[in-house]
Amino acid sequence: NFCQIPLALAHATLDVLALGQSKLTRSAVMGIVEELTTK
Numbered sequence: 001n002f003c004q005i006p007l008a009l010a011h012a013t014l015d016v017l018a019l020g021q022s023k024l025t026r027s028a029v030m031g032i033v034e035e036l037t038t039k
């Protein structure tokens, strides 16, 4: 699904913002993308 990666990154970004961090780390982004593309 084309929108799956951007949607997952948006949700993860909101989660880290709620925890007081400023943004996702590069490794977190790569992990999310890898998880979604290796299914």
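Here the sequence shown is numbered in the working numbering, starting from 1 and rising by one per residue. Glycine included, each C-beta is placed from N, C-alpha and C at the ideal position.
Straight-line measurement puts the Cα of residue 36 at about 8 Å from the Cα of residue 4. About 6 Å separates the CB atoms of residue 32 and residue 9; that is less than 8 Å, so the two are in contact.
The DSSP-derived three-state label of residue 21 is coil. Rounded to the nearest angstrom, the gap between the Cα atoms of residue 13 and residue 25 is 10 Å.
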